Amino acid sequence: MAADRRSILITGCSEGGVGAAVAFEYQKRGYQVFATARNTSKIPSTLTYLPNVTTITLDVTSESSIATGVEQVSKFTNGKLDILFNNAGTSLTCPVLDTEISDARLQYELHLIAPLATSKAFFPLLIKGTNAAILNNSSIAGETNLPFQGAYGASKAAIVNLGETMRLELQPLGVRVITVVTGIIETKLHENEKLTELPSTSYYAPLGQWLKERKAGTNRPAGMEVEEYAKLMVNKVESGKNGKIFVGPLTPLFVYMKWWMPTWIWVSLFKNSWLFEVEFANVDVIGRIYVEGWTGEAE
Numbered sequence: 309m310a311a312d313r314r315s316i317l318i319t320g321c322s323e324g325g326v327g328a329a330v331a332f333e334y335q336k337r338g339y340q341v342f343a344t345a346r347n348t349s350k351i352p353s354t355l356t357y358l359p360n361v362t363t364i365t366l367d368v369t370s371e372s373s374i375a376t377g378v379e380q381v382s383k384f385t386n387g388k389l390d391i392l393f394n395n396a397g398t399s400l401t402c403p404v405l406d407t408e409i410s411d412a413r414l415q416y417e418l419h420l421i422a423p424l425a426t427s428k429a430f431f432p433l434l435i436k437g438t439n440a441a442i443l444n445n446s447s448i449a450g451e452t453n454l455p456f457q458g459a460y461g462a463s464k465a466a467i468v469n470l471g472e473t474m475r476l477e478l479q480p481l482g483v484r485v486i487t488v489v490t491g492i493i494e495t496k497l498h499e500n501e502k503l504t505e506l507p508s509t510s511y512y513a514p515l516g517q518w519l520k521e522r523k524a525g526t527n528r529p530a531g532m533e534v535e536e537y538a539k540l541m542v543n544k545v546e547s548g549k550n551g552k553i554f555v556g557p558l559t560p561l562f563v564y565m566k567w568w569m570p571t572w573i574w575v576s577l578f579k580n581s582w583l584f585e586v587e588f589a590n591v592d593v594i595g596r597i598y599v600e601g602w603t604g605e606a607e
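For reference, each letter of the sequence shown is one residue, going 309 to 607 in our numbering.
This is the structure we're talking about:
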């Protein structure tokens, strides 16, 4: 019976992403999994046909859609839920000065407002759950300052702040709040993100090809396999962790370096072309902007 087993609802379970991988992992561990997406046809069929998996159409930007999701889960589990994983989102790679305001708003809508909305809506079920927890998927970009990740990183930093505040407020109520700081993972995140088309007048116009390569995944460092990520993340959650957890190669080291390193050193590192060779694999273009002070004038 679904009401007798532990349950989890996961937002953003499209194929090739973190949500689907985590859904597979929790299903293996005997959970009743509610795999959701705005368009359920994007959820892997190999997941939808598994026992103890229920797919739900859920648009995290729609309060009415969220309310319908709450009703469906409540009927299935006799009014309780053990884990809510706020995972739905999208990436945005774009210089801050070229970021469309509508795109920036969407980042905050998906990564801050939506987790708040789902947490509020599902909390009456969570408080009846066993060892209940809310998981918010953040990113290393929310812990550090990375060029061309301004709006995305800021929205992820916002969910870190909100999550840590929720952690303090919900702890007396017996509900854990865990912020998952995700590192570089092999998913379709960038492949599915909107391609930034820089105007010819942009100071960063020469980055156009680099942005296309980043979306295609040809100029990014290799990441952790998403299945391994899911296993590590679930292990940490199941061990009783609370607050921030770091999952991904070198993520804790990178974050701690940023915390303890004086700001002027961090800034100076991003003026050196060798760092961009490692991080972005495009010294010629990005190096001109940061090292030679390229002004955007045609050569």
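Think of the CB as a built atom: it goes at the ideal place given N, C-alpha and C, for glycine as much as any other residue.
Fair warning: this is a prediction, and the values are worked out from it, not measured in the lab.
Query	Result
Locate the beta strand (DSSP E) running through residue 348, then write down its first and last residues.	No beta strand (DSSP E) holds residue 348; DSSP gives it neither H nor E.
Within 10 angstroms of the Cβ of residue 517, are there 16 or more other Cβ atoms? Answer buried if so, exposed if not.	exposed
Quick check on residue 354: buried or exposed, where buried means 16 or more other Cβ atoms within 10 Å of its Cβ?	exposed
When the Cβ atoms of the segment 502–516 are set against those of the segment 441–453, are three or more pairs found closer than 8 angstroms?	no
Along the chain, where does the beta strand (DSSP E) that runs through residue 484 open and close?	484–490
At the level of alpha carbons, what is the spacing between residue 352 and residue 323?	5 angstroms
Comparing the CB of residue 430 with every heavy atom of the ligand NAD, is any distance shorter than 7 angstroms?	No copy of the ligand NAD appears in this structure; indeed no ligand is present at all.
With a 10 Å radius around its C-beta and 16 neighbouring C-beta atoms as the bar for buried, classify residue 432 as buried or exposed.	exposed
For residue 400, which of 416, 388, 383 has the nearest alpha-carbon?	416
Considering only C-alpha positions, which residue in the set 490, 478, 338, 378 is nearest to residue 536?	490
DSSP three-state call for residue 447: helix, strand or coil?	strand
Can you give the beta carbon distance from residue 391 to residue 377, rounded, assuming they're within the 8 angstroms contact cut?	Not a contact, Cβ separation roughly 15 angstroms.
Tell me whether the segment 327–334 and the segment 367–381 touch, counting them as touching only if at least three CB pairs, one residue from each stretch, are closer than 8 angstroms.	no
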